[in-house]
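A.B. asks: Protein chains in written order, with our numbering: chain A, 1 to 204; chain B, 205 to 431; chain C, 432 to 676.
For each residue, glycine too, the CB sits at the ideal point set by N, CA and C.
Just dropping this structure here.
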Amino acid sequence: MLEVSNLACSRGDHRLFCGLNFSLNLGQIMQVQGANGSGKTSLLRTLCGFMMPDEGDIVWRGESIRDLDEDYYAEMLYLGHLNAIKDELSALENLRISAGLSGVVLEEQEAISALRRMGLRGREMLPTKVLSQGQRRRVALARLLVSDAKLWILDEPLTALDVGAVALVQELISEHLAQQGMVIFTTHQPLQVAGIEMRSLTLS
Amino acid sequence: MKKSSMLDLLVLVIRRDLVLAMRRRADVLTTLVFFVMVVSLFPLGVGPELSMLRKMAPGVLWVAALLASMLSLGRLFSADYLDGTLEQMMLAPQSLSMLVLGKMAAHWMVSGLPLVLMAPVLGLQFDMSVQALGVLIVGLLLGTPILSMIGAIGAALTLGLRGGGVLLSLLVLPLCIPVLIFGTGAVEAISSGLSVVSHLSLLGALLVLSFVFTPWVTAQALRISME
Amino acid sequence: MAINWFKYSAPTTFYGLAGKMIPWFAFSAAILFAVGLYIGFFIAPMDAQQGEFYRIIFIHVPASMMSMFLYMVMAGYAALGLIFNTRLSAMMASAIAPTGALFTVVSLWTGALWGKPMWGTWWMWDARMTSELILLFLYLGFIALHASIDEPRRADRAAALLAIVGSVNVPIIYFSVKWWNTLHQGATIKFSGTSMHIAMQQAMFTMLAACWLYAIAVALARVRSIILERERNTVWIAELPEVKQ
Numbered sequence: 001m002l003e004v005s006n007l008a009c010s011r012g013d014h015r016l017f018c019g020l021n022f023s024l025n026l027g028q029i030m031q032v033q034g035a036n037g038s039g040k041t042s043l044l045r046t047l048c049g050f051m052m053p054d055e056g057d058i059v060w061r062g063e064s065i066r067d068l069d070e071d072y073y074a075e076m077l078y079l080g081h082l083n084a085i086k087d088e089l090s091a092l093e094n095l096r097i098s099a100g101l102s103g104v105v106l107e108e109q110e111a112i113s114a115l116r117r118m119g120l121r122g123r124e125m126l127p128t129k130v131l132s133q134g135q136r137r138r139v140a141l142a143r144l145l146v147s148d149a150k151l152w153i154l155d156e157p158l159t160a161l162d163v164g165a166v167a168l169v170q171e172l173i174s175e176h177l178a179q180q181g182m183v184i185f186t187t188h189q190p191l192q193v194a195g196i197e198m199r200s201l202t203l204s
Numbered sequence: 205m206k207k208s209s210m211l212d213l214l215v216l217v218i219r220r221d222l223v224l225a226m227r228r229r230a231d232v233l234t235t236l237v238f239f240v241m242v243v244s245l246f247p248l249g250v251g252p253e254l255s256m257l258r259k260m261a262p263g264v265l266w267v268a269a270l271l272a273s274m275l276s277l278g279r280l281f282s283a284d285y286l287d288g289t290l291e292q293m294m295l296a297p298q299s300l301s302m303l304v305l306g307k308m309a310a311h312w313m314v315s316g317l318p319l320v321l322m323a324p325v326l327g328l329q330f331d332m333s334v335q336a337l338g339v340l341i342v343g344l345l346l347g348t349p350i351l352s353m354i355g356a357i358g359a360a361l362t363l364g365l366r367g368g369g370v371l372l373s374l375l376v377l378p379l380c381i382p383v384l385i386f387g388t389g390a391v392e393a394i395s396s397g398l399s400v401v402s403h404l405s406l407l408g409a410l411l412v413l414s415f416v417f418t419p420w421v422t423a424q425a426l427r428i429s430m431e
Numbered sequence: 432m433a434i435n436w437f438k439y440s441a442p443t444t445f446y447g448l449a450g451k452m453i454p455w456f457a458f459s460a461a462i463l464f465a466v467g468l469y470i471g472f473f474i475a476p477m478d479a480q481q482g483e484f485y486r487i488i489f490i491h492v493p494a495s496m497m498s499m500f501l502y503m504v505m506a507g508y509a510a511l512g513l514i515f516n517t518r519l520s521a522m523m524a525s526a527i528a529p530t531g532a533l534f535t536v537v538s539l540w541t542g543a544l545w546g547k548p549m550w551g552t553w554w555m556w557d558a559r560m561t562s563e564l565i566l567l568f569l570y571l572g573f574i575a576l577h578a579s580i581d582e583p584r585r586a587d588r589a590a591a592l593l594a595i596v597g598s599v600n601v602p603i604i605y606f607s608v609k610w611w612n613t614l615h616q617g618a619t620i621k622f623s624g625t626s627m628h629i630a631m632q633q634a635m636f637t638m639l640a641a642c643w644l645y646a647i648a649v650a651l652a653r654v655r656s657i658i659l660e661r662e663r664n665t666v667w668i669a670e671l672p673e674v675k676q
């Protein structure tokens, strides 16, 4: 489904990596590894289409993501370092708006049950600025529950999460993979998914 | 889960930005207060002689509206850029131009429309006639959206840059000069008893042109800035 | 011929080519400037209405025309850079901008020098001079935006987009300023109604040609230094005689 060939990226004058090749299919999960500054985040952002690679192609369902544009975006979800939530809005409002921006109309009840599953019972209506870092990350991660995207691109999803939340995320990922989803991610904390072979890509 | 249409998305973005503006009312009010203050500075600077103030009024009000708009434009994308919501918008499965149009519309409602409503009150301080005030309002109604739209291009290009606000003004003000000329020209025409139709229709034409081109250009500018 | 163009669109080959061309352009420009100024200041006859002062137009008019031409050329390179993603086009746009701004300043300055004896004032808000002033702001905006962005690729592309938006706006701005000027019955700095003497025409064309050659020479020199700066980490730069000291 996702095929990357001969990919090369640079940041400013600095060449991060080149000649990168891999492919990812339904039900597969891949971890991108490498030292700080090796280009993990840049690779993920290039897969999102934010950055243009110096060379190479990224192909989704046989077509270049440059040509697919919105059709590609409809099938992928990106969670980066930033939570993409507004401080002044409540968790509920944030989730419904995020869903709306990805083209899904989310009913209030569905949103609330998603937030409850993420461990935010009782906090759904509070403005997110009063939540802790970990709770804000949970709000951001709630998008995973309500999205129907096939490809999840997650850049350090476990940041600021406690043990319970980490387990929850691992659960969400294995459910997604079981439903023929795909995940590509980076992490500095260990992330295990039961029963699935974790592929690995190392950037140097 | 239902899928939303392009119109739903437009409404979603506008509502979101309006709700956010209501919860940060200080930002909105500062623009309006700035407008009032700048306009009030002129009589203090040039003297209270009414016949002179009456002549200067359209120019003063339009320039102040221009400057107040420039001030508020910095906020158009920066908050979303800083918390990551802008990049999510760029990954929306609908046209980015549509989302940008929504943001421009909300920005105008929050920053431009109050100026239009405040201007006649200030115009009275300058002893402007009723017809002049009428033409002023119509001109500002047509012109302030244009300022929001052209300014959005500048805001998108200067995203995250240090010195952003002043740089934004430097880039956008020259492009807004035609709006200034036609807007003030209309008020002067009515004060001399001439027809305002040509001025206002030129403003209208600029509005239509901006509407058609600026969302797409701004979307391209956002992509360039977000790389 | 098509193949040759693409070869020269790489900074490496263009650097050498530009280096060879600069002396020719510079030398021709110097000669034409000398000839043009001579014709303009000594041979062309005195104007019936404006006396000797009018001779400043032999600098003013070419400078004004160049400022506008160069903006269009700059916007053209900017568009090429955005569409074809070529680094050299963006570098050329950056190289042209300061020269374009300089011509605008010269135009404004000579316009003031002309205005003083004619109208008794250093600045007349006539349509052309006001448009020149706005054009200067557009140039400065381009330069300022490019300078404010650290990342070279973003800087090139953002400034390019600005240049294109500016170029679309220039006719609108010019039209609106003319409109404004006629509304307020402003004065127009114009040459006298009589048709131009042949020597005046010759001076004008020579000076314009000289300005073009000068602009090309300077732009090429500037783009070479931009290339040196941008490509400073590459191997071929280190091999250049001027670098290998």
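Could you name the residues of the stretch 3-31 of chain A whose beta carbon sits closer than 7 Å to any beta carbon of chain C, in the order they occur along the chain?
C.D. replies: Going along the stretch 3-31 of chain A in chain order, one finds Gly12 and Asp13 with a Cβ nearer than 7 Å to chain C.
A.B. asks: Interface residues of chain B around C/Trp556 at Cβ under 9 Å?
C.D. replies: What C/Trp556 touches in chain B: nothing, since even the nearest Cβ is about 12 Å away.
A.B. asks: Identify, in the order they occur along the chain, each residue of the same chain with its Cβ nearer than 7 Å to the Cβ of C/Ser598, setting aside the five sequence neighbours on each side.
C.D. replies: Around C/Ser598: Tyr502, Met503 and Ala506.
A.B. asks: Under the assumption that A/Val193 contacts A/Ile173 (Cβ atoms under 8 Å), give the Cβ distance between them as a whole number of angstroms.
C.D. replies: 5 Å
A.B. asks: DSSP three-state label for A/Gly181, please.
C.D. replies: In this structure, A/Gly181 counts as coil in the three-state DSSP scheme.
A.B. asks: Where are the beta strand (DSSP E) runs, 3 residues long or more, that stay fully inside the stretch 20-83 of chain A, in chain order?
C.D. replies: 29-34, 55-60 and 76-79
A.B. asks: Going by DSSP, name the residue or residues bridged to B/Met260.
C.D. replies: According to DSSP, which records beta bridges pairwise, B/Met260 is partnered with nothing at all.
A.B. asks: Quick check: A/Thr186 and A/Leu7, are their CB atoms within less than 8 Å of each other?
C.D. replies: Between A/Thr186 and A/Leu7, the CB-CB gap reaches or exceeds 8 Å.
A.B. asks: If you measure beta-carbon to beta-carbon, which residues of the stretch 565-592 of chain C are closer than 9 Å to chain A?
C.D. replies: Asp581, Glu582, Pro583 and Arg584
A.B. asks: In the stretch 516-595 of chain C, which residue ranges form an unbroken beta strand (DSSP E) of at least 3 residues, counting only runs that do not cross its ends?
C.D. replies: none
A.B. asks: Alpha carbons only, please: which of B/Ile428, B/Met256 and B/Leu213 is nearest the one belonging to B/Gln329?
C.D. replies: B/Met256
A.B. asks: Under 8 Å Cβ-Cβ, which residues of chain C neighbour B/Ala425?
C.D. replies: Ala589 and Leu592
A.B. asks: Measure the Cβ-Cβ separation of C/Ala590 and C/Leu513 and say whether it is below 8 Å.
C.D. replies: It is not a contact, given that the beta carbons lie outside the stated cut-off.
A.B. asks: Since I believe A/Asp162 is in contact with A/Gly134 (beta carbons under 8 Å), could you give me their beta-carbon distance rounded to a whole number of angstroms?
C.D. replies: 6 Å
A.B. asks: DSSP three-state call for A/Ala227: helix, strand or coil?
C.D. replies: Lying before the first or after the last residue shown, residue 227 of chain A is absent from chain A, which here runs from 1 to 204.
A.B. asks: Going by C-alpha distance, which of C/Pro583, C/Asp557, C/Ala669 and C/Met477 is nearest B/Ile428?
C.D. replies: C/Pro583
A.B. asks: Starting from the beta carbon of A/Ala84, find every residue of chain B whose beta carbon is closer than 8 Å, and list them in chain order.
C.D. replies: Asp287, Gly288, Thr289, Glu291 and Gln292
A.B. asks: Runs of 4 residues minimum, wholly inside the stretch 209-296 of chain B: which ones carry the alpha helix (DSSP H) assignment?
C.D. replies: 210-227, 229-250, 254-277, 279-287 and 289-294
A.B. asks: Buried or exposed for C/Ile658, please, with buried defined as at least 16 other CB atoms from any protein chain shown within 10 angstroms of its CB.
C.D. replies: buried
A.B. asks: Could you check the C-alpha separation between C/Trp643 and C/Arg655 for me, to the nearest Å?
C.D. replies: 18 Å
A.B. asks: Checking 8 Å against the spacing of the C-beta atoms, do B/Val314 and B/Val412 come in under that value?
C.D. replies: no
A.B. asks: Give me the residue from C/Leu639, C/Val649 and C/Trp554 with the minimum Cα distance to C/Gly471.
C.D. replies: C/Leu639
A.B. asks: Kindly list, in the order they appear in chain C, the residues whose Cβ is closer than 8 Å to that of B/Val421.
C.D. replies: Leu592 and Val596
A.B. asks: Can you give the beta carbon distance from C/Ser562 to C/Tyr605, rounded, assuming they're within the 8 Å contact cut?
C.D. replies: 5 Å
A.B. asks: Whole angstroms is fine: what's the gap from B/Pro318's alpha carbon to B/Leu236's?
C.D. replies: 7 Å
A.B. asks: Just verifying my parser: in three-state terms, what is the DSSP assignment at B/Ser396?
C.D. replies: coil
A.B. asks: In this structure, what does DSSP give as the bridge partners for A/Thr202?
C.D. replies: A/Gln33
A.B. asks: Can you pull the chain B residues whose beta carbon is under 8 Å from the beta carbon of A/Leu43, in chain order?
C.D. replies: Here the premise fails: no neighbours, minimum Cβ distance about 14 Å.
A.B. asks: Given that B/Arg229 touches chain A, what residues does it touch there, using C-beta distances under 8 Å?
C.D. replies: Simply none; closest approach about 11 Å.
A.B. asks: In angstroms, rounded to a whole number, what distance separates the CA positions of C/Gly467 and C/Ala634?
C.D. replies: Taken atom to atom, the span from the alpha-carbon of C/Gly467 to that of C/Ala634 is near 5 Å.
A.B. asks: Quick one: using the 10 Å Cβ neighbour count with 16 as the cut-off for buried, is A/Tyr72 buried or exposed?
C.D. replies: Burial call: buried.
A.B. asks: For chain B, find out if any of its Cβ atoms is closer than 8 Å to the Cβ of A/Leu144; answer yes or no.
C.D. replies: It does not: the Cβ of A/Leu144 has no partner Cβ on chain B nearer than 8 Å.
A.B. asks: Would you mind sorting A/Val4 into buried or exposed? The rule is 16 or more other CB atoms within 10 Å of its CB.
C.D. replies: It counts as buried.
A.B. asks: Between the C-alpha atoms of B/Leu224 and C/Leu544, what's the straight-line distance to the nearest angstrom?
C.D. replies: Those two C-alpha atoms are separated by around 54 Å.
A.B. asks: What in chain A is Cβ-close to B/Ala296, meaning under 8 Å?
C.D. replies: Glu70, Tyr73, Leu101, Ser102 and Gly103
A.B. asks: On the CB-based measure, 16 or more other CB atoms within 10 Å of its CB, does C/Tyr485 come out buried or exposed?
C.D. replies: buried
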